[in-house]
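A short worksheet on the structure shown next.
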Amino acid sequence: MSTFGNLLALPSHAADRMIVLVLALCLDALIGDPPMLYRLVPHPVVLIGRAIALFERRLNRETRGPRARRLRGVFTLVVLGFAAILLGLALSALASLFSVGWILEMVIVAVLVAQRSLYDHVERVVLALQRGVPAGRQAVSQIVGRDPDALDGFGVARAGIESLAENFSDGIVAPVFFYAVAGLPGLLLYKTVNTLDSMIGHKNSRYLAFGWASARFDDLLNLIPARLSGLLIAFASTFVSRGRPVEALRTMWRDAGKHRSPNAGWPEAAMAGALDLALAGPRRYGELVVDDPWLGEGRARATPSDMRRALMVFIVACLIQLLILAALGLLKAR
Numbered sequence: 098m099s100t101f102g103n104l105l106a107l108p109s110h111a112a113d114r115m116i117v118l119v120l121a122l123c124l125d126a127l128i129g130d131p132p133m134l135y136r137l138v139p140h141p142v143v144l145i146g147r148a149i150a151l152f153e154r155r156l157n158r159e160t161r162g163p164r165a166r167r168l169r170g171v172f173t174l175v176v177l178g179f180a181a182i183l184l185g186l187a188l189s190a191l192a193s194l195f196s197v198g199w200i201l202e203m204v205i206v207a208v209l210v211a212q213r214s215l216y217d218h219v220e221r222v223v224l225a226l227q228r229g230v231p232a233g234r235q236a237v238s239q240i241v242g243r244d245p246d247a248l249d250g251f252g253v254a255r256a257g258i259e260s261l262a263e264n265f266s267d268g269i270v271a272p273v274f275f276y277a278v279a280g281l282p283g284l285l286l287y288k289t290v291n292t293l294d295s296m297i298g299h300k301n302s303r304y305l306a307f308g309w310a311s312a313r314f315d316d317l318l319n320l321i322p323a324r325l326s327g328l329l330i331a332f333a334s335t336f337v338s339r340g341r342p343v344e345a346l347r348t349m350w351r352d353a354g355k356h357r358s359p360n361a362g363w364p365e366a367a368m369a370g371a372l373d374l375a376l377a378g379p380r381r382y383g384e385l386v387v388d389d390p391w392l393g394e395g396r397a398r399a400t401p402s403d404m405r406r407a408l409m410v411f412i413v414a415c416l417i418q419l420l421i422l423a424a425l426g427l428l429k430a431r
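Sequence positions in the sequence shown follow the numbering used here and run 98 to 431.
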């Protein structure tokens, strides 16, 4: 039997998790999120979002006080979190029943890791901004929550780079980390909590109490992945034109804590130092103006060229992560 045939014949529990991760990351890099598929079948994150929206509509009523809404937010987190873990256990058990069950796991991981889709979204912002600021604003509105009409061309470029850095942590490193540590239950729990935070973790009158538990738990889960992401970005900048790995590390250590998020500042500050930019700073979310400090001491006037350099840092960081996982898989196989 060929080597490929032997691999297919392995029972799923014998397929090393690191190998599954490597193959899943390669699959995601090749095909991303096929739009034709998700016109027929909802993306898993969309299904998670629908469940969250149902709980939010039923439990987060404005007639209830802050304490009652906070308790119901805790209940929502616990119920959906346990449901994610149970689903992960069920899928793992299903995969173990078949000799090619590891393929099921690989596909699930590939679907829930956002390498290709993140790159594609940010590249669309680059191409749109090159056509003009209005097009850039429209494109960047698909990946950031701030008011795009308040952004000039430099602001659009900064927003795209910040989103790339932050989502490298949330959408790639963190899912990989939790699958490596806890398999499908860990991966699905993380994606559920992260989606909860993105939907109800806002500090406004509607979600401040109800989303409190989800936002805090998401902060906890991202403590390690965010710092790993910053290190990967810093190391990756070594291989990018005019990249500054030492300054990336220095800026990350000095400025990460200035960010209003306990985690997002790590990859963003690393990217700012790596590209000699100033990121974050004051921004507008609807009627709310957030007067955040700057991360980095470089130029605030980011350009599409800087965005392309950030994308190159992103590609190299993904490759480094892939090589680390492959090395760990080989070491475990010995």
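Even glycine gets a Cβ: it sits at the ideal position worked out from N, Cα and C.
Query: Measuring only the C-alpha atoms, how far is G280 from F172?; Result: 24 Å
Query: Spell out a yes or no on whether the region 336-347 and the region 306-321 are touching, meaning 3 or more CB-CB pairs, one atom from each, closer than 8 Å.; Result: no
Query: Out of Q235, A121, L183, which one is the CA nearest neighbour of V210?; Result: A121
Query: Nearest-angstrom Cα distance between V270 and L127?; Result: 18 Å
Query: Leaving out the 5 sequence neighbours to the left and right, which residues in its chain are closer than 6 Å to A367 when beta-carbon positions are compared?; Result: G327, I330, A331, A345, M349
Query: Inspect the beta-carbon positions of V119 and L422 and report whether they are closer than 8 Å.; Result: yes
Query: Are R234 and V253 touching if we call contact CB-CB under 8 Å?; Result: yes
Query: Per DSSP, which one or two residues make a beta bridge with R396?; Result: L374
Query: Hey, quick one: how far does the alpha helix (DSSP H) through A430 stretch, first residue to last?; Result: 401-430
Query: Starting from the Cα of I321, find the closest Cα among V273, K300, H356 and give me that residue.; Result: V273
Query: Let me check understanding here. Comparing Cα to Cα, which of V117, P163, P379 lies closest to A199?; Result: The residue you asked about is not Ala; residue 199 is Trp in the sequence shown. Nearest of V117, P163, P379 to W199, Cα basis: V117.
Query: From what residue to what residue does the alpha helix (DSSP H) around G327 run?; Result: 320-333
Query: Leaving aside the five residues before and after H299 along the sequence, list all residues of the same chain whose C-beta is less than 6 Å from its C-beta, in chain order.; Result: none
Query: Can we say the region 278-292 touches the region 175-189, given the rule of at least three CB pairs closer than 8 Å?; Result: yes
Query: Any idea if Y304 is buried or exposed, counting beta-carbon neighbours within 10 angstroms, 16 or more meaning buried?; Result: buried
Query: So the alpha helix (DSSP H) I149 belongs to, where does it begin and stop?; Result: 141-156
Query: Below 6 Å CB to CB, which residues in the same chain sit around L104 once its five sequence neighbours on both sides are set aside?; Result: Bear in mind that the predicted position of L104 carries a pLDDT of just 47, short of 50, making it too unreliable to give a figure here.
Query: Can you give the Cα-Cα distance for S295 and L191, rounded to whole angstroms?; Result: 30 Å
Query: Tell me which residues share the same chain as D316 and place their Cβ nearer than 7 Å to its Cβ, disregarding the 5 neighbours each side in the sequence.; Result: P359, N360
Query: Helix, strand or coil: how does DSSP classify V222 here?; Result: helix
Query: By DSSP, does V197 sit in helix, in strand, or in coil?; Result: coil
Query: Quick check: the Cα distance between N177 and R167, rounded to an integer number of angstroms?; Result: The sequence as given places Leu at residue 177; Asn does not occur at that position. Approximately 15 Å, taken between the alpha carbons.
Query: Hey, quick one: how far does the alpha helix (DSSP H) through R255 stretch, first residue to last?; Result: 250-265
Query: Out of N264, V386, D125, A232, state which residue places its alpha-carbon closest to the alpha-carbon of I240.; Result: N264
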